[in-house]
Each structure stands twice: as structure tokens, then as C-alpha cells.
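Encoded as C-alpha cells, the structure appears first; notes follow it.
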Amino acid sequence: MANNVSHITDYKVLARVVLILMSLTLLTIFVTSFHLGAFSVTVALLIAGVKAFFILTYFMHLKYESLLLRLLVTMIFVLYAVIILITFIDYAYR
Amino acid sequence: MSGNKKNEYVSYLEHQGKYKGIFSWIFTLDHKRIGLIYMYAIIVLFSIGALMGLLMRIELIAPGETIMKPQTYNGMFTVHGIIMIFMVVIPGLSVVFGNFFLPILIGAKDVAFPKLNRFSWWVYITGCGLAIASQFMQNGPPDTGWTFYAPYSTTTGSNVIMATFAAFVLGFSSILTGLNFIVTIHQMRAPGMKFFNMPLFSWAIYATAWTQLLATPIVGITLLMLIAERLFGIGFFNPSLGGDPVLFQHLFWIYSHPAVYIMILPALGVITEIIPTFCQKKIYGYKAIALSSLAIAGVGFLVWGHHMFTSGMSDQARWFFSFLTFLVAVPSAIKVFNWLATMYKGSIDLKPPFLYALSFIFLFTIGGTTGLLLGSVATDVQVHDTAFVVAHFHYIIFGGMGFAFFAAIHYWLPKMYGRMYNMKRATIAWGINFVGFNLLYFPQFILGIEGMPRRYFDYLPQFQPLEVVSTIGGFILIGGLIFMISNLVQGARKGEIAPANPWHGTTLEWQIPSPPPLENFDEAPIINPNPYDYK
Ligand code: HEM
Ligand SMILES: [Cu+2]
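Chains as they are written, first to last, in this note's numbering: chain G, 24 to 117; chain Y, -14 to 520.
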């Protein structure tokens, strides 16, 4: 793993990521004006997921790490998504 | 490699570090000493827990009040459960033998983060202290059972907040240990040791560590939510506040089912080390065993709902969880099959570690197959919350993880202390434990099917004969345990000097002197790509 190499990310890239995150936050607020019923949580979680993706890749430098490490982190998110999904087999049919 | 004579090297036990006396233990950074101080703590806690178990058995020897009041009994099974689950079996094998042997097995000098390792022990001891203190504070011991089910846990007057907070702290220690072991396995393997050259115990610890890291935060949050509900009246779980009690069960079991794999996976790993050594035969199906550990950990994350079949979950969720539960039996059965295949035509040596390993397979199989009964919805409705469940999980966690712990300590004690226990006494103690165990718990399967509820201090007279048998078994088991522990203590302190490789094992720990030197390997270890290379 690229341990001792430091990566200096271009400020422009970082600034762009900040902008994307802010606009996604605005989007989160905006969608609350629609009545999505049970799906409002889903939508909020999806947007939050996209934001987490940007933070992990750029701010936490996952982009520059080994494939193995990236796979491990992806696996964690898939696992949590599956767990939430399964929980909703109960709530959706109760 | 052979030298075991005095003064040729300084072992970790003799090494004089910065601190003296007890401080050289509780402030140590050596993974081996940390393993031992975990073990001492766990033995003390296990003894307290076992004593409470015996007291409950005495109470149950006759209907009606025998030696304690109902509320005392409620506190007793709660505290017994909290101690045994959160302080004994969840850390259990991985903090003791994982700490001591994982670095050695992969040819490393220590774990990746020794200071974090020491910190984890301190967090663990703090958690134990809090839990024990919660018994003596005002309001009396918690009476919710170790599962803290809402809404009762949000309303009972007993000391729930402190006990849940203790479980939260213990969880922290578990997360840190898991993290440490994952990094150790990724970064600290000796040159030439690939993933598929590692002894299988390391694979088991690896799978366990991921589960610790990913599942424990969920119970942490859940317990904080419970505390928030009690303190600030936030309605997460209590229906009268707009919450959902089934949500608590979901969140609790999303952690606590994987937690049973945190207990049992290292146990499966220990057995996988012991069997080839005492059959002097290469393990059958190395890769299948390694990957089945990961499969158990993975699928184990998705089956939690089998604890909730009678809690008012939707029907769809019920059959789905039932199906997944049956699926998880497959990788477990792969392991049992491979162990038996390894023994086939081996030169079997019935020494105490192997006897414990054999009885592990027997008890674990009974526990596992009765688990399938609980995993199918229709039969679970009949036996849920009866003594059947008590029998089932004692077979899995005590007969499984507990006996694997005994197997491990009989296997590795000569390495850890450089001395050998009395073999004959160890064999007798094993026999007593095995008989006592089955006498104690087997009757509870029958009692449960006949309708004896769990967590009751009283029962109908018709149940008495079997309850008496069970209590007699309890006394026999406690006797056997005392005999076993005293034999081990005597062996560790005054036993004969043990050779470096008493069982003719092939993994790396047997190639260094007993007890090992401070940094394990005075010369770089020679890595054999096949860890079980028996001629
Ligand atoms: C040494 C002998 C032991 C005895 C005599 C014993 C006995 C008992 C008894 C009588 C109960 C209460 C059952 C009920 O009222 O429903 C119980 C519950 C329990 N035991 Fe043990 N036990 C022993 C060892 C262990 C061990 C080693 C573990 C874990 C590894 C363990 C884990 C538990 C748990 C989790 C519960 C459930 C507590 C609850 O229902 O909240 N026990 N035990
Ligand atoms: Cu379970």
C-alpha cells in the first residue's frame, strides 16, 4: 500500500468537491418539499451516500490507495446497504 | 531452534523492562504479556459468572423459593449473562490466544499497534469495572437479561444505564482489538508468508476481526439510543413515546448475532490447529476452511432476524431470515467435514488438547443442529424462550467456545509458560467436565420442549426430576472446572520443564523456544509455504 508517499491534491479539485458537496446539501433540503412518503428516507440516504463517496475518494485519499483497500471499503458500504435493505423487508410488509 | 536450556536467551517472562512487579504486566507493550493479563481477568470473571450459574441451578432444584427471591434471580441471570457474554466469550479466545499467538504464527515481532493493544486492555478493564459496579449501585442490579430488550429496559427502575454503558465501553475495546489484528495480518506477515500460507487460526482471527470492527459500532449506537431514551425521553423504542420496540431488537441482533461468530470463529480456528497436530496429518482442504471462515462471517451478518420470529416481524421477513439461517449451516458443516477427513487414517494421539477438541466437535454439532430447529419458524414458535434455548446456546457457547478455550490452553500452555501440566489429571478433569456438562444441559432440551420457560425462578412440580438432574450436573461440572484450573495453575508454576515442541507441531510457534523470547524470533523464521507439513 502506498504508505509513505504523500499526495498533494490540487486546490481546484478540492474546491470543486466542496462545491459538489454543498449543492448536494441544497438538494437534500430541496427534495423535502416533495411528499415522497416512505421513500423520503431512501432518497436522503442515497444523496448522503453520494456525498460520502466524494469525501472518501478525495478528502480521505482513497483514490490513491491500492485496489485491495478500495475494495475493502466498498465492501463495508455494500454490507451496510444490504443490512438496511433486509431490515426493510420487515417494515415494508408489516 | 532447539535450545531450551536456561540462560541461553531471555524469555518474555524473565525480560526486565521499564517497570517492575505488577506494573511490568499492566503497562506492558508485549503482545504475549497482554494476552496473559487478559486471560487472568477472564478466568476471574468466568469463575464469578459460573458461581452465579450454580446459584441459579440451586434455586431451581425445587419449585418455589429455594435460596433467593424472584427479583434476585432476575438480577442473577442478567449479570451472569452480561459477564459471560460481554466479558468472557466475546473477547475470549481472540484477546488471549489471538494476542499471544497471532503475531507468532505469522512470523511477526508484535501486533501492528502495541500501544493501542495495551489501551484496549485498559478499556476492557474499565468496562468490566463499570459492569460490576452497576450491581452494587442504588436501584439494584439490572433485571432485563443481557439482551436489554425495550420497552422494559426503558422503563424498569433497576440500574440499566450503567450496565448498558459498560457494554458500550467493552464494545470499544473489541473494535480496537479487531482493528489492530486486521492491520497486523495485512502488514506484519514475515517475508514469504502469503495469505494462503498462514496457519488457519490466523484466518479465523482475521474473519473475527472484521466482524468485531463492523458489527460492534451498531450495538454501541443502540445502547446509546437506549440511554438517551431513558434520560431524555426520546421515543426510539417505547411505543407510548412513538417508538418501535421491534426496532430495538433489530438493532440489537444486527450486532449480537454476528457476535456469536466473534465467539465461535476463533474457536473453530483453535480446533483446526489442534486436529492436524494430534493426527500428524496435513489439514484436509486448507482453502475451504480458510474461506469458510470468511463465509461464516459474511453470511452471519444477514441472519439476525431468527431471534425475532415471535416478536411481531412481518411474515416475509420471517421466511427470509429462516432461509438465510439454514444457509449459514453450510460453511460450518464444511469445517466439521474437513476435520473428520483430516482425522481419517491419521496417527491419532488422545492427549488432553485433542480430547477437548473432539468433545468440541460433539457438543458444537449438538448445539448447531438444535440451532436449525430454532431457525425454522414453526418449531421456534414452540420452543422460543424456553429452556430449550438455554440448552442450545450453552452447547454452542460453553460446549463450543468454552471447550475450545480449554483445548487451546491445554495445547499452548507449555509454549506460554515453558512448563507442562499433569497429563493424567488433565485427562480426568476433561472426563468430569464432559459428563457434568451434558448432565447439566441435556435435560434442558427436554424441559424446554415440555414447556419449561426460560428466565423463570419457579416451575410446575412435573419438571422437578429433570431440574434435579441438571443441578447435579452443575455441581459435577463446577467440580471438574476447579480440578482442571488447579491442575493448570500448578503446571504453569511448578510443572516439569516443557520441550520447545511437545506435540510435534509444524506451525511457527513450535519452532521457537518455550517460553518465547521477547520479540519472538531471535533469528528470522523460515517460512514453509505449507503450514501443516507432516511427513
Ligand atoms: C459453569 C456453569 C454454568 C451454569 C451452571 C450456568 C447456568 C445458567 C442458568 C441456570 C441460566 C439461567 C437460565 C434461565 O433462568 O433461563 C443461565 C443463563 C445464561 N448463561 Fe449460563 N451457566 C453456566 C455457564 C455459562 C457460560 C460458560 C456461558 C457463556 C459462555 C453462559 C451464558 C449464559 C447466558 C448468555 C445466559 C442467558 C442469560 C439470560 O437469559 O439473560 N453460561 N446459565
Ligand atoms: Cu443468532
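Even glycine gets a Cβ: it sits at the ideal position worked out from N, Cα and C.
Using a 10 angstroms sphere on the CB of Y:Lys479, the tally of other CB atoms stays under 16, which defines it as exposed. Our two residues, Y:Phe294 and Y:Ala411, have alpha carbons roughly 42 Å apart in a direct line. Ranked by Cα distance from Y:Pro261, the options Y:Asp518, Y:His0 and Y:Glu(-1) are led by Y:Asp518.
Closest by C-alpha distance to Y:Gly156, out of Y:Gly142, Y:Gln197, Y:Thr140 and Y:Tyr4, is Y:Gln197. Listed in chain order, the positions of the region 286 to 300 of chain Y with a beta carbon within less than 9 Å of a beta carbon of chain G are Phe286, Leu287, Trp289, Gly290, Met293, Gly297, Met298, Ser299 and Asp300. Listed in chain order, the alpha helix (DSSP H) elements of length 4 or more contained wholly in the region 46 to 118 of chain Y are 55 to 67, 84 to 90 and 99 to 118. Under the Cβ distance rule, Y:Ala135 does not count among the residues neighbouring chain G, no pair being separated by less than 8 Å.
Interface residue (Cβ-Cβ distance to chain G less than 8 Å): Y:Ile281 is not classified as such.
In this structure, the CA atom of Y:Gly34 is about 8 Å from the CA atom of Y:Val64. Residue burial annotation: Y:Lys5 is exposed, with fewer than 16 other C-beta atoms found within 10 angstroms of its C-beta. Under the 8 Å criterion on CB atoms, G:Ile109 is classed as interfacial with respect to chain Y. The CB of G:Leu102 comes closer than 7 Å to the CB of Leu199 and Phe286 in chain Y, given here in chain order. Excluding the 5 residues flanking it on each side, Y:Phe306 has same chain C-beta neighbours closer than 7 Å at Val288, Gly290 and His291, in chain order.
The alpha-carbon separation between Y:Pro48 and Y:Val453 amounts to approximately 11 Å. Neighbours of G:Val105 in chain Y, taken as residues at a C-beta separation under 9 Å, are given in chain order as Phe286 and Leu287. Every candidate alpha helix (DSSP H) stretch fails here, since none sits fully inside the region 160 to 189 of chain Y while reaching 4 residues. Burial check for Y:Pro450: the Cβ neighbour count within 10 Å stays below 16, so the residue is exposed.
It is roughly 7 Å from the alpha-carbon of Y:Ile11 to the alpha-carbon of Y:Ile22. Annotation: Cβ neighbours of G:Tyr116 in chain Y (cutoff 8 Å, chain order): Ser299, Asp300, Gln301 and Ala302. Under the Cβ criterion of 8 Å, Y:Phe311 is not counted among the residues facing chain G. Per the Cβ contact rule, the region 187 to 197 of chain Y is not in contact with the region 134 to 148 of chain Y (fewer than 3 Cβ pairs under 8 Å). Between ligand 2 and G:Val40, a heavy atom-to-CB distance of less than 7 Å is absent.
Under DSSP, the beta-bridge partners assigned to Y:Ile482 are Y:Arg404.
In the three-state reduction of the DSSP assignment, Y:Thr492 falls in the coil class, being assigned neither a helical nor a strand state. Annotation for G:Ile43: Phe77 place their beta carbon closer than 7 Å to its own, counting only its chain and skipping 5 residues before and after.
A heavy atom of ligand 2 is found nearer than 7 Å to the CB of Y:His291.
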